[in-house]
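First the structure, in the form of structure tokens, and then the observations on it.
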Amino acid sequence: MVVGRLTRAVVELVFPAQCVGCGSSGVFLCAECAAAMPRADGVRCVRCWLPGLGCRLCRDAPPAFDQLRAAYRYEGAVPELVRALKYRGATAVAEPMAEAMVATVPREEILSDVIVPVPLSGMRKRTRGYNQAEELANALGRFLGVGVLPRAIERRRGTPPQARSRNAIERLHNVAGAFHAGEADLSGRSVLLVDDVTTTRSTLSACAEAARRAGAREVRCVTFATED
Ligand SMILES: [Zn+2]
Ligand SMILES: [Zn+2]
């Protein structure tokens with residue numbers, strides 16, 4: 532952890548704040564580039580936020596969460612921002628990302644008793660030093676005034692990162708059971724799961740299952756971006 536923080540401090544010294552969209556200096560995301568990010572809006576499944584009408588996923592293999600919302604599509608400056616959160620000065624990038632999420636997703640869609648980040652695998656966290664979803668969850672918690680429980684859900688040892696080659700329903704079965712409830716008691720609470728990007732909804736669904744096993748009454752999810 533100390534090494535992680537130190538690495539970050541060094542990274543921020545070597546790479547001073549620069550807008551990921553246009554390169555202007557001083558901030559990680561300038562106001563113009565923030566306003567130009569493509570919103571994940573339009574006609575979408577009210578439950579899993581996939582685009583279009585008549586969602587096949589929710590019909591054939593409903594996810595374990597009650598609702599998912601994503602602020603942006605994975606286009607334009609969005610992938611740059613996600614990469615910056617993952618590999619560079621995370622805390623400085625998490626703030627403007629969380630701020631943009633709160634400005635884009637209606638507050639009543641993300642109200643909850645407690646915020647829980649999607650955990651990174653132990654090995655990835657050790658090599659990178661931090662979990663980008665946790666950084667985002669902490670920043671979001673500050674904006675919403677909601678507490679964060681970073682270890683309420685844990686990843687089981689030896690679970691590989693989700694394969695991307697199969698279809699959505701197969702992947703849903705693949706990661707089922709990949710997470711377990713941590714030390715926190717979520718009994719009767721509404722939980723907001725937070726991640727940076729959602730691709731297949733399977734990881735979030737597996738986390739939601741773990742949250743339900745820990746007693747959660749309601750599980751909503753919010754991510755900065757969706758790859759649809
Ligand atoms: Zn910019
Ligand atoms: Zn759906």
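Oh and the sequence shown: position 159 is 690 in our numbering, straight run, nothing missing. Glycine residues also receive a C-beta, built at the ideal position from the N, C-alpha and C atoms.
Residues near residue i by beta carbon distance below 7 Å, same chain, minus five either side
i, result
"Gly746", "Asp716, Leu717, Ser718, Gly719"
"Asn662", "Pro648, Pro650, Leu651, Lys656"
"Leu581", "Arg575, Leu588, Asp759"
"Val577", "none"
"Val551", "Phe559, Leu560, Ala608, Glu611, Leu612, Ala615"
"Leu584", "Val574"
Short Cβ contact (7 Å threshold) for residue i with residue j
i, j, result
"Leu735", "Leu724", "yes"
"Val750", "Ala742", "yes"
"Ser733", "Ser643", "no"
"Asp595", "Ala739", "It is Ala, not Asp, that sits at residue 595 in the sequence shown. Against a cut-off of 7 Å, the Cβ pair of Ala739 and Ala595 comes out as a contact."
"Val649", "Asp759", "no"
"Gly713", "Ile684", "yes"
"Ala601", "Phe559", "no"
"Leu680", "Ala629", "no"
"Tyr603", "Val609", "yes"
"Ala565", "Ala631", "yes"
"Gly607", "Val645", "no"
"Cys579", "Leu599", "yes"
Cβ-heavy atom distance, residue i to ligand 2, below 6 Å
i, result
"Cys586", "yes"
"Leu581", "yes"
"Cys576", "yes"
"Cys752", "no"
"Cys589", "yes"
First and last residue of the uninterrupted alpha helix (DSSP H) at residue i
i, result
"Ala737", "733-744"
"Pro610", "609-618"
"Leu675", "663-675"
"Asp727", "Asp727 -> not in any alpha helix (DSSP H); beta strand (DSSP E) instead, spanning 721-729."
Cβ of residue i within 7 Å of any chain D Cβ
i, result
"Arg748", "Considering every chain present, this structure includes no chain D. It has just one protein chain."
For residue j and residue i, believed in contact at Cβ under 8 Å, the rounded distance
i, j, result
"Thr729", "Thr754", "4 Å"
"Ile641", "Leu675", "7 Å"
Residues of its chain near residue i, where Cβ-Cβ distance is below 8 Å and the 5 sequence neighbours each way are ignored
i, result
"Arg687", "Gly708, Ala709, Phe710, His711"
"Ser696", "A caution first: Ser696 carries a pLDDT of 47, below 50, which makes its placement in the model too unreliable to give a value."
Start-to-end residues for the beta strand (DSSP E) that takes in residue i
i, result
"Cys564", "No beta strand (DSSP E) holds Cys564; the alpha helix (DSSP H) holding it covers 562-567."
"Ala683", "No beta strand (DSSP E) contains Ala683, which DSSP labels as neither H nor E."
"Arg751", "749-757"
"Arg587", "Not the beta strand (DSSP E): Arg587 falls in the alpha helix (DSSP H), residues 587-591."
"Gln598", "598-604"
6 Å CB neighbourhood of residue i in its chain, flanking five on each side removed
i, result
"Ala737", "Val706, Ala707, Ala709, Phe710"
"Ser556", "Gln549"
"Arg744", "Ala712"
"Glu626", "Ala670"
"Ala571", "Ala601, Tyr603, Arg604, Thr757"
"Cys553", "Cys564"
Distance cut-off 6 Å: residue i Cβ against heavy atoms of ligand 1
i, result
"Ser555", "yes"
"Cys550", "yes"
"Cys738", "no"
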